[in-house]
Amino acid sequence: MWQELIQQDKELFLFLNNLGTSDWDGFWLFISDKFSAIPLYAALLFLAYKTYGLKKTLVLLVTVVLLIVVTDQLGNFFKYGVQRLRPCHDPDLDGLVRLVKSSCGGKFGYFSAHAANSFAVAFFFTLVLKHKYAYIGFFLMSWALLVAYSRIYLGVHFPLDVLTGLLIGLFFSWLFSKLYIFAIEKYLYDIEP
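Residue numbers for the sequence shown follow our numbering, so the first one is 2 and each next one is one higher.
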């Protein structure tokens, strides 16, 4: 059963990865670059500040940093624990992967920390800001989906790597949003934004 799932994952990867063209490579490289999201992060912190005020936003910033550290380090733990080769290192796919960058990262790729981190940030801010900004969830989840897909497009992750990262990001963002709300209600409840 697992072997069949892995084989289907490889086939889906090859299909999606080979849809790419050089005309779109720059766009997907930009989407996947972690520094390209800095303006988005700055905008989210500004919206949080407008919604919650300075002290609650500082707590939010610490919460988001911890959230990213947890999802990122869990990704590293799984990569070395599971040891699933990245598509570009998989000998079964030698010569079949459309690798956009000159390198594809470390040897192992399960699960995608890019997908986990982008969904963690997107869903966390959706949960804590949706009462004030109705459409923020649609925008943020669309951005996270683009980041996740970029990992397949660039040839560095299988779809199951991305899907697992997505689910882990969603779970931890939900958990950390609950912790954040608990913290501000218990310790900062009397501070108005």
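For glycine and all other residues, C-beta sits at the position ideal for the given N, C-alpha and C. Note that the structure is predicted; figures quoted are calculated from it, not measured.
Verify whether the separation of the beta carbon atoms of Ala116 and Gly82 is less than 8 Å. The answer is no: Cβ separation not under 8 Å.
Assigned secondary structure, Tyr181 (DSSP; H/G/I helix, E/B strand, else coil): Tyr181: helix per DSSP, three-state reduction.
Assuming the contact rule is C-beta atoms closer than 8 Å, Leu141 and Phe126 should be a hit. Round their C-beta distance to whole Å, please. Approximately 6 Å separates the beta-carbon atoms of Leu141 and Phe126; this is inside 8 Å, confirming the contact.
Taking the alpha-carbon positions, what's the Phe173 to Trp25 distance? Each residue's CA atom was taken as its position, placing Phe173 and Trp25 some 32 Å apart.
For Leu75 and Leu15, what's the separation of their Cα atoms in angstroms? Taken atom to atom, the span from the alpha-carbon of Leu75 to that of Leu15 is near 26 Å.
What's the call for Pro160, buried or exposed, on a 16-neighbour Cβ count within 10 Å? Under this definition Pro160 is a buried residue.
Where are the alpha helix (DSSP H) runs, 4 residues long or more, that stay fully inside the segment 99-184, in chain order? Runs found: 114-130, 137-154.
Close-in-space but distant-in-sequence residues of the same chain around Phe124 (CB under 6 Å, 5 per side omitted): Leu171, Ser174
With a threshold of 8 Å on Cβ separation, who are the neighbours of Gly107 within its own chain once the five nearest residues in sequence on each side are excluded? Lys80, Arg87
DSSP three-state label for Leu20, please. coil
Assigned secondary structure, Leu97 (DSSP; H/G/I helix, E/B strand, else coil): DSSP places Leu97 in coil when its eight states are reduced to three.
What residue range is occupied by the uninterrupted alpha helix (DSSP H) comprising Leu86? Where Leu86 is concerned, there is no enclosing alpha helix (DSSP H), given that its DSSP letter is neither H nor E.
So, do the segment 39-53 and the segment 94-103 have three or more beta carbon pairs nearer to each other than 8 Å? no
In terms of alpha-carbon separation, which member of Lys11, Tyr181, Ile182, Trp3 lies closest to Asp95? Lys11
Among Phe120, Arg85, Lys131, Val148, which one has its Cα closest to the Cα of Tyr53? Lys131
Coarse secondary structure for Asp26, derived from DSSP in three states: helix
Thinking just about the alpha-carbon of each residue, which of Leu13, Gly138, Leu68 is nearest to the one in Leu97? Here the closest residue by C-alpha is Leu13.
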